[in-house]
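Step one of this worksheet: look at the structure below.
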Amino acid sequence: MEKVQLFKFNKISFRFLLGAAIFFFLIGAVHATNAIINGFKFDFPGDWMSVIFIFQGILYLIWVRDIRRKTRFFIECNEKEFKYLTPKSKNLRCIDIADLEKLKMDGIEIYIQAKGVEHLIRLEFIEWQELNRVKALIKDLQESLAVDKQ
638 MEKVQLFKFN KISFRFLLGA AIFFFLIGAV HATNAIINGF KFDFPGDWMS
688 VIFIFQGILY LIWVRDIRRK TRFFIECNEK EFKYLTPKSK NLRCIDIADL
738 EKLKMDGIEI YIQAKGVEHL IRLEFIEWQE LNRVKALIKD LQESLAVDKQ
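Start counting the sequence shown at 638; every next residue gets the next number (our numbering).
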């Protein structure tokens, strides 16, 4: 079977954003250091551009960190186990296929019952194409479970 990344990102855009964050922060820091040494001009724009550059670099770094954090989330299924990591689950969850009792996908929610333990996976804020891939993955798993039970 396959692994579906829940959140996609473009590596080139990610690297560009990271480079822009570092660039703006460094330019702002150098300019702010120079302004502090020579006396900060408080009239606008004066030396306030250095503060704006530092602030912009920090915002871009926060954005990069958020993108990086979201790329960890996935749903994976192979012949032996079903694995998932979502923003709500916090930890990697593994469910043996042999232990599955009930599996149902309704809209953006996946209901899994395995050995008396219920799992609910909500696929919020996921792209439509990835949601369709997850639906196909769940459908294949349901079909394989139906064949195994017969």
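Idealized CB from N, CA, C, for every residue including glycine.
Asked	Found
Among the candidates Glu746, Leu740 and Leu778, whose CA atom is the shortest distance from the CA of Glu716?	Leu778
Hey, how far is the Cα of Val585 from the Cα of Ile689?	One cannot answer for residue 585 here, as it falls past the ends of the chain, which runs 638 to 787.
Decide if Cys731 is buried, meaning its Cβ has at least 16 other Cβ atoms within 10 Å, or exposed.	exposed
Cα separation between Glu639 and Lys772?	12 Å
Grab the span of the alpha helix (DSSP H) containing Ala735 for me, first residue to last.	Run containing Ala735: none; DSSP gives neither H nor E here.
At what residues does the beta strand (DSSP E) containing Leu757 begin and finish?	Val754 to Arg759
Can you have a look at Val754 and say buried or exposed, based on whether 16 or more other CB atoms are within 10 angstroms of its CB?	exposed
Mind checking whether Ile712 and Leu774 have CB atoms under 8 Å apart?	yes
Specify, as a first and last residue, the run of the alpha helix (DSSP H) that Lys707 falls within.	Trp685 to Lys707
Run through DSSP, which three-state label would Leu722 get?	strand
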